[in-house]
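Participant: In our numbering, the protein residues as written are 1310 to 1354. Every residue, glycine too, gets a C-beta built ideally from N, C-alpha and C. Sharing a structure, written as structure tokens. Questions coming.
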């Protein structure tokens, strides 16, 4: 297990790509989720 984790950590480029994609996904999907939440709240009121 430790060797696998270390080998993955050394591959920084893949981690940077994964983190960048995750941040992009959150940035794109986040506003839509917020809009849905606010719309649901207004409907309940």
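Rounded to whole angstroms, what is the Cα-Cα separation between residue 1311 and residue 1327?
Facilitator: Locating residue 1311 in the chain shown gives position 2, where the first residue counts as 1. Locating residue 1327 in the chain shown gives position 18, where the first residue counts as 1. Looking at the two C-alpha atoms, the distance is approximately 21 Å.
Participant: State the Cα-Cα distance for the pair residue 1344 and residue 1332, rounded to the nearest angstrom.
Facilitator: For the purposes of this step, residue 1344 is identified with residue 35 of the chain shown, where counting begins at 1. For the purposes of this step, residue 1332 is identified with residue 23 of the chain shown, where counting begins at 1. A direct Cα-to-Cα measurement between residue 1344 and residue 1332 gives close to 18 Å.
Participant: Classify residue 1320 as helix, strand or coil using the three-state DSSP reduction.
Facilitator: Sequence index remark: in the chain shown, residue 1320 carries index 11 (1-based). If DSSP states are grouped into helix, strand and coil, residue 1320 belongs with coil.
Participant: Have a look at residue 1329 and residue 1340 and give me their C-alpha separation to the nearest angstrom.
Facilitator: Start at 1 with the first residue of the chain shown, and residue 1329 comes out as number 20. Start at 1 with the first residue of the chain shown, and residue 1340 comes out as number 31. So the two alpha carbons sit approximately 17 Å from each other.
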